[in-house]
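Working notes for the structure below.
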Amino acid sequence: MAELDTSGKGGGKGGKIRSKKASTRVDLTAMVDLAFLLITFFIMTTTLAKPKAMDTFWPDKTKKDVQLPVAATRTMTVLLGANDKLEWYIGEPGKTPPTVDNFGKNGIRKTLIDKNKEVEATHAGPDNYMIVLIKCSDKATYKDFVNMLDEINITGIKSYGVVPITPLEVNLLKKDGLY
Amino acid sequence: MARVKIPRKSTAIDMTAMCDVAFLLLTFFILTAKLRTEDPLHVDVPAATIKVPVPDDNIATLEVGRGKIFFGIEGTDIRKALLEEMGKKYNISFTPAEENRFAVIPIFGVHMDQMKQFIGMSEDERKKLDQPGIPVDTTNTSELFNWIYQARIVTKNLHNQELRFTIKGDSHEPYPGIQKVIDVLQRQAVNKFSLITSLKNQ
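Top line first, the protein sequences correspond to chains A and B. The C-terminal position of the first sequence is numbered 178 in numbering that gives the first Met the number 0, with every residue numbered one higher than the one before it. The C-terminal position of the second sequence is numbered 201 in numbering that gives the first Met the number 0, with every residue numbered one higher than the one before it.
Below, the structure is given as C-alpha cells:
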C-alpha cells in the first residue's frame with residue numbers, strides 16, 4: 000500500500016531465471032493506524048489525573064470524652080470568614096483582638112510556623128506543641144476549609160480540631176467585615 | 000550527450016519503529032488510565048498538596064455541590080445488594096432486572112420514591128435529568144443516613160471490609176453544606192474519611 004515500486008526491472012538481458020524470493024517485510028502501516036486509533040480512544044475516554052485523598056480524623060461524638068486541661072496560651076483559633084479571608088487569635092475569644100490574614104505562603108502558613116515555634120519556646124515540654132482550632136463560619140467555602148487543612152498538613156501542626164463557631168466569634172468576623 | 004540516470008529510491012518507510020512506539024504508548028495508557036465516570040454535578044474539586052491517591056475498591060463517594068448531595072459506591076455486587084436492602088427499608092421491591100440496571104449507575108442523587116423511575120430511564124435521559132439530590136436532615140432516619148448505613152453493612156457482609164468514605168465537594172460550596180454530610184457520617188461513628196482534592200504546587 001505505502002510502497003511504490005519504482006525500482007524498475009533492471010535490464011533482464013539473458014540472465015538466469017531464478018525462483019522469486021518472497022520478501023519478508025510486512026507492511027505495518029495498517030497496524031500503526033490501528034494502534035494510534037486505539038491510543039486516541041484511550042486518551043479521550045480515560046483520565047490520567049487520579050484524584051487525591053486527604054485523610055481526616057474526627058472525634059468520636061458518641062463517646063463522652065475526657066477533657067484535658069490545656070493552657071489558653073497554647074491554643075490558636077482560626078476563624079474562616081467570607082471572601083477567602085480568615086482571622087486568628089491566641090487564647091480565649093474576645094480577650095486578644097484577632098488578626099486578619101489570608102491563605103498562602105506568607106499568610107497563615109507563616110503565622111502557623113512562627114506561632115508554633117513561639118509556643119514551643121515559651122512552654123515546658125513534652126506537651127508544648129500548639130493546638131489549632133478551626134472554626135468555619137457560614138460564609139466560608141469548602142475551598143477555604145480544605146486550604147486550611149492543607150496548611151495544617153504542610154506546617155506539621157500536631158494537634159488540631161474542627162469546632163463549631165460561637166456567636167461571639169461571628170461578631171468578631173463581622174467587625175472585620177468578613178461575614 | 001548521454002543523460003545521467005538518477006536511481007530512483009523506494010518511497011517505502013520502515014514502519015517497525017513507529018509501530019513499536021505506538022503500541023508502547025497504547026500499553027501505557029491502558030495500564031495507567033482510569034475510565035472517566037460521568038459526573039452529574041460537575042464539581043470543581045479544591046486543590047491541595049496531598050499526594051495520596053484515592054483507593055480503588057470498597058469506597059463510597061459523597062458528592063456535594065450546588066446544595067445537593069449525591070451518593071456513589073464502587074462495585075456492581077455491592078450496588079445490587081445495596082439496592083435490595085434499601086428497597087426492603089422503604090418497602091419498594093426491585094426486580095432483578097432493575098437491580099442489574101442499578102449496578103451500572105456510578106453515582107446518583109434521587110429520592111427513594113423516584114428510584115424506580117430513575118432506574119427505568121435510559122442513560123441519555125438520566126444525563127438530562129436534573130437530579131434533586133438525596134434528602135438529608137439531622138435525624139437518624141434521613142435517606143442519606145440509611146444509604147450510608149446500609150452501604151456499610153453490605154460491604155461488611157460481602158467483602159468483609161470496612162467501607163471507606165470520601166467527600167467530593169465543590170470549591171464554592173458554602174461550608175455548612177459540607178458540615179451536614181460530615182454530621183451524618185459522625186452520627187454513625189464514621190470518624191475517618193477523606194476529602195477528594197486535586198494536586199497543586201505549594
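Glycine included, C-beta positions come from ideal geometry on N, C-alpha and C. Being a predicted model, the structure only gives us computed values, none of them experimental.
Check	Outcome
Per DSSP, cross-strand counterpart(s) of V161/A	I133/A
Listed by chain order, chain B residues near D41/A by CB distance under 8 Å	Correcting the residue identity first, residue 41/A is Phe in this sequence and not Asp. Those are L25, F28, I29, A32, listed as they occur along chain B.
Buried or exposed by the 16-neighbour rule on C-beta atoms within 10 Å, applied to R163/B	buried
Option nearest K151/B by Cα separation, candidates Q178/B, N90/B, E73/B, A11/B	In the sequence under discussion, the amino acid at residue 151/B is Arg, which differs from the Lys named in the question. Selected option, being the one with the closest Cα: E73/B.
Nearest to I12/B (by Cα), restricted to the options I16/A, L177/A, R24/A, T98/A	R24/A
Helix, strand or coil at L162/B according to DSSP, with G and I counted as helix	coil
Nearest to R65/B (by Cα), restricted to the options Y174/B, S193/B, F192/B	Y174/B
DSSP three-state assignment for P105/B, whether helix, strand or coil	coil
Proximity below 8 Å, CB of T264/B to CB of I77/B	Chain B is shown only over 0 to 201; residue 264/B falls outside these bounds and no answer can be derived.
Three or more C-beta pairs below 8 Å linking the region 100-109 of chain A and the region 134-150 of chain B	no
Partners in chain A for T140/B, counting only beta-carbon separations shorter than 9 Å	None at all; the shortest Cβ gap to chain A is about 17 Å.
Whole-angstrom distance between Q178/B and P96/A, CA atom to CA atom	27 Å
With 16 other Cβ atoms within 10 Å as the buried cut-off, status of G132/B	buried
8 Å Cβ cutoff, G9/A in contact with chain B	In this prediction, G9/A has a pLDDT of 49, which is less than 50 and means its spatial position is unreliable; what the coordinates show is noted afterwards. Chain B contact via Cβ: absent.
Chain A contact residues for H171/B, given Cβ-Cβ distances below 8 Å	T140, Y141, K142
Under 8 Å from the C-beta of A48/A: neighbouring residues of chain B	S197, L198
Where Y148/B meets chain A, residues with beta-carbon distance less than 7 Å	None at all; the shortest Cβ gap to chain A is about 14 Å.
Partners in chain B for W57/A, counting only beta-carbon separations shorter than 9 Å	I181, L184, Q185, V189, N190, K191, F192
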